[in-house]
Amino acid sequence: MAALCEAFTLCGLGPSGGVGLGAGVLALEPGPDADHVLLTDRGRTATLFKVSDQKPLGCWSVKHGQMITCPVVCNFETHEYIAVHDDKVLRIWKDEDVNLDKVFKATLSADVYRIHSLPQGEPLVLFKGGGVRTLDVLLEAPQQEIENFISDEVIKWSEAFLEGQEPILIFATEKDGDYFIYIQKFKVNILHKYKLEQQESSNPLSFTAYIKNQIITLLCLYSNDSIYKVLIPLQQHSEEEEQILSKSLLLKLSVSGSVLKGTSFAVLDKDHVAVLGSLTAFGEESKECLTIWNTKFQTLQTSKELPLGTSGQLWCYGDKFFFTHGKVLTVIIYKCETSTLAAAVGKLKDSQTSDVSFLNWNTLSDEELVVSLQSQQSITLKSESRMTLRSRKNSVAKVPPDTLTVGQLLLDIKDSSSAAVEEQLKQLLSNAEIPDVQATIGCVIPALINRCKTDPMFYPQNFLLQLIQKRELSYSLCPDLMAVALEKKDLHLLQICLQRFPDIPEEITYACLKLFLSISDDYLEKTDVNLDSVICYIDIESNNKGVKTEIVENGFNTELEENSCDTTFTKETILKNDGEFCPVGPQRAALLNAILHSAYSETFLLPHLKDLPAQQAVLFLRYLHYLYVKSSEKINTTLPGVLSPTINQIMDWMCLLLDAHFTVMVMLPEAKGLLSSLHKFVRAQVRFYSELNKIEGSLQELQRLKRQKDTQAYSIEVLELI
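Reading the sequence shown from the start, the letters are residues 1 to 722 in the UniProt record's numbering.
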């Protein structure tokens, strides 16, 4: 199973992007570690980015009139950066260097096509004439003569590998419509040349390759919407000067009558490839999209539409895709799991029957769905090929006659009642013989959600709750589930999702927070919500004003802080703001605790929080203040209960909310007392811990002087603190 997860913007590409990328992207190369990438534009600039923070760490430019002509790379052994400008001028620098005019410079004797950096070895420099040198050999004599093997050919693509300890370089060239493959082996200094078998009325658009067991697997994306595979053994004993490489069809980029016009692609693992291109269907406008395909079972696993258009370039490093989308460089995280028949097309696995499929069921008509399921069923039920799925009477070996299949269920979901579907779902998932439960769930949930969207009366709430509570699911496996729950105002389901899903987008987290803060108390009282996270520190028998609790604040002295602020408050305001009363009821508190428990990125959540209405922001801050005071009662600053928020979560959300709404809260009269009370409490805490720090040395000295000898049943020991 493959899935596209969250997406975010790494940087802007226009003049307003701030990194000088108005001319477009030349290439993206890996940086010094897995969280860094080097971006080279089609001009004068190279920029180092930290991907997790979406910010540039360094930017270097050549002078006006000069142009970087091949991608900047990182030398992984020396942590230096290498660039070539104006085809022949080599520059090498480090992070601390600012001005490229003052860094190492070498003028070469031939034009450079590309530099390839290897994880454990010297970078390889490929020249436009086909000559290759390691960087250290080249720097010994920059003006050394470089061989010209391909004077009439143009290099289209190149890649470098390490096979054992030996560097291997492969590059493709073109001449008069013919394509040639060169392989350079450095230990024996041999250059092999091959001619790629021609494809009638079609040309290769993009190449990629990988090496395993002394065999190079070359994949070629052709203009006839197909990917071909070429195997090239490294051990060559033939005396022929030029061998013809035959190719085999790996994947046809078509599904349900639509064809993907690919522009670039990347290999993800032995069974999956990602293709960037335009998906076209007869009579419809083409749509640019990023897709992941299963080459083993010839299926489209997932896709994402890109309405703003792309440059056709795709890079893949680690678990992330990088590509241009409109005027920004976008990053999408993906995941691929081991390819199985059940996860890809629903055929046989381990002699068991499963009709799970990751075909896009939502895009198939009812007739296509039946045909697809019947074709799967014919593999195990040859004698039943003329029967419909609903009238199966016979059984597969070891499968009871009344066993429900996923295919039947997917059809029934379209028109059966909610109660009937829930009963069938329970029957299916209780079947211990299902070979891949996660794959089954991944196929069933989208069908349920689509039915919920089209039929307002259909909503199998109980089953969805049980499914999330009993199974290890994620947001990316069922991305529309929480959107439907928000529409239905299913607070309990949203609470469970927030507690269990590790990958919820910040936009959805904000939508849940807004709903939890705006929903009426009458609606909450009628709603079944899990109160385990609040029942141990909030009195469930609360009135409308708040929940009374007994607070003993660490280091807080009311008399000491009485005159610390000029603002005067009424007694009622103080009761509401000093943490003595919980400002929300237990149901709302439990829902807000689920928000605090969910994972988020401050960079992506902060813009959404700024849209939170002021009154809701104040209410949420009051609750956070209450939790902060409550958690400070005990030395370990831990709230009792299951999945109760930690002090770090409370503080992080409090800071985040103040960052988003500080100006508004300062202007709001009803927030003035809250901010002042919060300020007093925090200041008291700071003073308290400051006093503790003063005696920290003495306490450590006591620990050091603690005697190891056994004491009697009763003893008095006097220690002096100086």
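C-beta atoms are modelled at their ideal positions from N, C-alpha and C, and glycine is treated no differently. The model shown is predicted, which means the values in this text are computed figures rather than measured ones.
Using 8 Å as the threshold, is the segment 524–532 in touch with the segment 610–630, meaning 3 or more CB pairs across them?
-> With a cut-off of 8 Å, the segment 610–630 and the segment 524–532 do not count as touching, because too few Cβ pairs lie within range.
Under the assumption that K128 contacts I155 (Cβ atoms under 8 Å), give the Cβ distance between them as a whole number of angstroms.
-> The C-beta separation of K128 from I155 comes to about 6 Å, placing the pair in contact by the 8 Å criterion.
Could you tell me whether the segment 85–98 touches the segment 62–69, where touching means 3 or more Cβ pairs closer than 8 Å?
-> Under the 8 Å Cβ criterion, the segment 85–98 counts as touching the segment 62–69, having at least three qualifying pairs.
Hey, out of Y179, V37, G43, R42, whose CA is closest to D53's CA?
-> Per the Cα distances, V37.
What span of residues does the alpha helix (DSSP H) with D652 cover, start to end?
-> Secondary structure note for D652: its alpha helix (DSSP H) is the uninterrupted segment 647–667.
Using 8 Å as the threshold, is the segment 198–206 in touch with the segment 136–151, meaning 3 or more CB pairs across them?
-> Proximity of the segment 198–206 to the segment 136–151 falls short of the contact definition, fewer than three beta-carbon pairs being nearer than 8 Å.
Is residue 723 helix, strand or coil by DSSP?
-> Past the edges of the chain, shown from 1 to 722, lies residue 723, and the structure says nothing about it.
Write down every uninterrupted run of the alpha helix (DSSP H) in the segment 261–348 whose length is 4 residues or greater and which is fully enclosed by it, in chain order.
-> You should have 341–344.
Are the CB atoms of N75 and S117 nearer to each other than 9 Å?
-> Yes, the Cβ-Cβ distance between N75 and S117 is below 9 Å.
Is residue 725 helix, strand or coil by DSSP?
-> Nothing can be reported for residue 725: it is not among the residues displayed for the chain, which extend from 1 to 722.
Less than 8 Å between the CB atoms is what I'm expecting for G24 and R42, so what's the real figure, rounded?
-> Confirmed, Cβ separation roughly 5 Å.
Which of helix, strand or coil does DSSP assign to T443?
-> According to the sequence displayed, residue 443 carries Cys and not Thr. In the structure shown, the three-state DSSP call for C443 is helix.
Rounded separation between L410 and L477 - CA only = Distance from the CA of L410 to the CA of L477, rounded to the nearest whole angstrom, comes to 17 Å.
Spatially closest choice to P586 from Y81, L39, D522, by CA coordinates | Among Y81, L39, D522, the Cα nearest to that of P586 belongs to D522.
State the beta-bridge partners of L124 as determined by DSSP.
-> Note: L124 sits in a beta bridge opposite H116, T134.
Look at the alpha carbon of V328 and the alpha carbon of R133, and state the distance between them as a whole number of angstroms.
-> Roughly 36 Å between the two C-alpha positions.
By Cβ distance below 7 Å, which residues in the same chain neighbour T509 in space, the five residues on each side in sequence not counted?
-> These residues qualify, in order along the chain: I595, S598, Y600, L605.
How do the segment 281–298 and the segment 180–187 stand: do at least 3 beta-carbon pairs fall below 8 Å, yes or no?
-> Taking 8 Å as the limit for Cβ pairs, the verdict is that the segment 180–187 does not touch the segment 281–298.
Extent of the continuous alpha helix (DSSP H) to which N593 belongs = Counting along the chain, N593 sits inside the alpha helix (DSSP H) bounded by residues 586–597.
Enclosing alpha helix (DSSP H) for D521 [first to last residue] = Taken as a continuous stretch (DSSP letters only), the alpha helix (DSSP H) holding D521 covers 521–525.
Would you kindly report the start and end of the unbroken beta strand (DSSP E) that includes L48?
-> Looking at the DSSP string, the run of the beta strand (DSSP E) that includes L48 is 45–50.
Quick one: grab the DSSP three-state call for S542.
-> Note that S542 scores a pLDDT of 43, beneath 50, so its modelled location is shaky and nothing firm can be said.
Can you tell me which of T295, E122, T78, C11 puts its alpha carbon nearest to the alpha carbon of L138?
-> For L138, the nearest C-alpha among the options comes from E122.
As assigned by DSSP and simplified to three states, the class of A110 | A110 falls in the coil class under three-state DSSP.
State the DSSP-derived secondary structure class of Y81, mapped to helix, strand or coil.
-> Strand.
Would you kindly work out how many angstroms separate the C-alpha atoms of K212 and G318, rounded to a whole number?
-> For K212 and G318, the distance between alpha carbons rounds to 19 Å.
Any idea if R91 is buried or exposed, counting beta-carbon neighbours within 10 angstroms, 16 or more meaning buried?
-> The Cβ neighbour count for R91, taken over all protein chains shown within 10 Å, is at least 16; the residue is labelled buried.
Tell me D41's beta-bridge partners as DSSP assigns them.
-> Answer by DSSP bridge pairing, in chain order: V25.
Return the CA-CA distance between K175 and L196, expressed in angstroms with no decimal places.
-> Approximately 12 Å, taken between the alpha carbons.
Can you give me the Cβ contacts of D269 inside the same chain, cut-off strictly under 6 Å, excluding the 5 residues immediately before and after it?
-> Close CB contacts of D269 within its chain, under the 6 Å cut and outside five residues either way in sequence, are with C336 (chain order).
Is it right to say A266 is buried, meaning 16 or more other beta carbons lie within 10 angstroms of its own, or is it exposed?
-> Classification of A266: buried, given that the 10 Å Cβ count is 16 or more.
Following the continuous alpha helix (DSSP H) through V629, name the residue where it begins and the one where it ends.
-> Taken as a continuous stretch (DSSP letters only), the alpha helix (DSSP H) holding V629 covers 614–631.
Kindly give me the distance between the Cβ atoms of residue 787 and C512, rounded to whole angstroms, as I take these residues to be in contact under 8 Å.
-> Lying outside 1 to 722, the shown extent of the chain, residue 787 is not represented and no answer is given.
Ordered along the chain, which non-local residues of its own chain (more than five positions away) have a Cβ less than 8 Å from that of Q495?
-> A distance below 8 Å between beta-carbons, with the five flanking residues on each side excluded, links Q495 to the following residues of its chain, in chain order: V529, N530, A590, L591, A594.
Could you tell me the distance, in whole angstroms, from the CA atom of Q616 to the CA atom of P460?
-> For Q616 and P460, the distance between alpha carbons rounds to 31 Å.
Out of E422, S158, E153, state which residue places its alpha-carbon closest to the alpha-carbon of L126.
-> Of the listed residues, the one whose Cα sits closest to L126 is S158.
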